[in-house]
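Before any comments, here is the structure.
Chains as they are written, first to last, in the UniProt record's numbering: chain A, 1 to 322; chain B, 1 to 322.
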């Protein structure tokens, strides 16, 4: 089977395209018509075998995850998805793999009305690069540089389960529990799109990002961009049942430096507290106040006695010595 | 050096961003403001080491080429560039390599006022994935499905030199000539952006694509999408001086099935002949009438006696048996 036939079989779909897609897969470019007056939000993520996922990872989950991590960036900006492109390097044209990958990819794409509009396939070490497009009214995008001293610090959902799943798969000695209870949190993250859009429309919500490389590391991007600091109350962090069995240091590692969480971390004026809770309730996502933004720079993680909790690891860095 | 420092050093630039870029590198998403009423054109291409370029390829040229092949897709649509994202997998964080790569990349980006607006870097087998965004007035995009029987068939520039450069590098027995005379045509292709935009604004220009996988193969995309056929006059194809020394079969192979040409192949009403010539003259790109579109399906390549020229190879297919 040739490249063009391969593309046609798995990535061309008869489904009617949303109105914004003037031209989809199959020409030199896709053509989109954004809503007049809106800004276009764009994000790109590359997933490499052996780095972002294990060799032999289940292709349906991989299709889901490759798109989910990109949609999560749109969610963090409060943007509504318009479409995405997929560039795919494959070691071989494996029909069964492609069919399963496309199934996982399109199930998530359909759930968010985010069609595939273009792409590229080639032979090479397995590599998935998705670029996603969304839109947002000007002035409503949630940016990293908008946190203010005095803001409450909020987290959607829970962090740490994906890190525990990784540890169980790797057989790390400290890990406890059933992989089945946490595997989906690693393999099938849920982009918080509805919540992100609701927050962007909530007055008083200031800065946001999606937590992908660990909470304690990623928050640094907000602090740096906004010129502020933060306190996180370690005991305020929501803890999944699967993490209860861990000793406290490893539990905190998972919560604060796990990575692969794809939850929204955001700041809001305390006066918006009830509105933030309402946005969470309206979109079916738990939101938890986990600390506050301070004028003093730096991040402090405090226990119930307001003593500093030592952080043993920071966010994941692809080029740190390892 | 860590991932974030690496990004900051080589891919964050102080240059003032064009007005369309509301937010560039450094947040969850980039934010663009397309011109009101315009359509957004999007294309993505992935370049893999050992597949699209030799291991050890000169990084400055690679930076140029990775963006050029994407801009070529915008050119084929007649779109004006707005910006691009870069996702990059690197085996290691090699400072000198990155500096040279960024130099080549940004030189071309600056020449076309097409800023880097976002990206992703990770460790992995060398892989470059660029997604490019442009815009075009509705109704002026050059699509593949718009060729009409009776149209003249046109080619910008010349094909075949990149294929000869590849053959000389590989030491293929039939190749003749100096690599230096053709290397840039393989390493530093010129996206025909100004010509594409001029053609899109020329009444009577119908279909277009950029020739990347060989003229005789790529034309099939226009023929299939438009439900037409074509005749190419072999002796009308422009021949670079470097190709004159080749025997006729290999010369025709280079011209018709070379690949990596990044020239525009387009069709236009014969009444637009002078306007097409003017668009070429105005943008400084040679344009040559190389045949015509026919109602009868299929592609025929004819010699001066209107005898069929046998085609030994077709366009490049990344998953064909090889």
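Even glycine gets a Cβ: it sits at the ideal position worked out from N, Cα and C.
Because the structure is a prediction, the values reported are computed rather than measured.
Contact of residue 141 of chain A with chain B by beta-carbon distance below 7 Å involves 31.
Judged by DSSP secondary structure, residue 41 of chain B falls within the beta strand (DSSP E) whose first and last residues are 39-48. A direct Cα-to-Cα measurement between residue 153 of chain A and residue 123 of chain B gives close to 32 Å.
Cβ-Cβ separation between residue 12 of chain B and residue 44 of chain A: approximately 16 Å, too far for a contact (criterion under 8 Å). Identification of residues in the region 266-293 of chain A having a C-beta nearer than 8 Å to some C-beta of chain B yields an empty set. In this structure residue 249 of chain A is exposed. Its beta-carbon is surrounded by fewer than 16 other beta-carbon atoms within 10 angstroms. Here the alpha carbons of residue 160 of chain A and residue 171 of chain A stand approximately 16 Å from one another. About 5 Å separates the CB atoms of residue 251 of chain B and residue 243 of chain B; that is less than 8 Å, so the two are in contact.
For residue 254 of chain A, the uninterrupted alpha helix (DSSP H) run begins and ends at 248-257, by DSSP. Rounded to the nearest angstrom, the gap between the Cα atoms of residue 96 of chain A and residue 96 of chain B is 41 Å. In this structure, the CA atom of residue 282 of chain B is about 34 Å from the CA atom of residue 309 of chain B.
DSSP places residue 218 of chain B in the helix class (H, G or I) of the three-state scheme. When DSSP states are grouped into helix, strand and coil, residue 11 of chain B belongs to the helix group.
Annotation: residue 202 of chain A has no Cβ neighbours in chain B at a cutoff of 7 Å; minimum Cβ distance is about 17 Å. At the C-beta level, residue 228 of chain B and residue 141 of chain B stay beyond 8 Å of one another. When the beta-carbon positions are compared, residue 25 of chain A and residue 31 of chain A stay at least 8 Å from each other.
In this chain, the beta strand (DSSP E) harbouring residue 81 of chain A covers 80-90.
Runs of the beta strand (DSSP E) lying entirely within the region 178-218 of chain A, each at least 3 residues long, are 205-211 in chain order. Sequence-distant partners of residue 53 of chain B (beyond 5 residues in either direction) whose C-beta falls short of 8 Å from its own C-beta, in its chain, are 47, 62, 65. Listed as beta-bridge partners of residue 127 of chain A by DSSP are A:48, A:89.
A contact is defined here as three or more CB-CB pairs under 8 Å, and the region 180-193 of chain B fails this definition with respect to the region 288-296 of chain B. Nearest to residue 92 of chain B by C-alpha distance, out of B:303, B:121, B:271, is B:121.
Contact annotation for residue 13 of chain A against chain B: no contact, minimum CB-CB distance about 17 Å [criterion: below 9 Å]. Identification of chain A residues near residue 209 of chain B by a Cβ-Cβ cut-off of 9 Å yields 27, 28, ordered along the chain. Look at residue 69 of chain B here: in three-state DSSP terms it is helix.
Close to residue 114 of chain B, with beta-carbon spacing below 7 Å, lies no residue of chain A; the smallest spacing is near 13 Å. Inter-residue distance for residue 98 of chain B and residue 111 of chain B is about 20 Å (C-alpha atoms, whole angstroms). Residue burial annotation: residue 9 of chain B is exposed, with fewer than 16 other C-beta atoms found within 10 angstroms of its C-beta. Spanning the alpha carbons of residue 184 of chain A and residue 254 of chain A requires a straight line of approximately 16 Å. Scanning its chain for C-beta atoms nearer than 6 Å, with the 5 sequence neighbours on each side dropped, one finds around residue 289 of chain A the residues 152, 154, in chain order.
Collapsing the DSSP output to three states places residue 291 of chain B in a strand.
When the alpha-carbon of residue 71 of chain B is set against those of B:146, B:181, B:108, B:303, the nearest one is in B:108.
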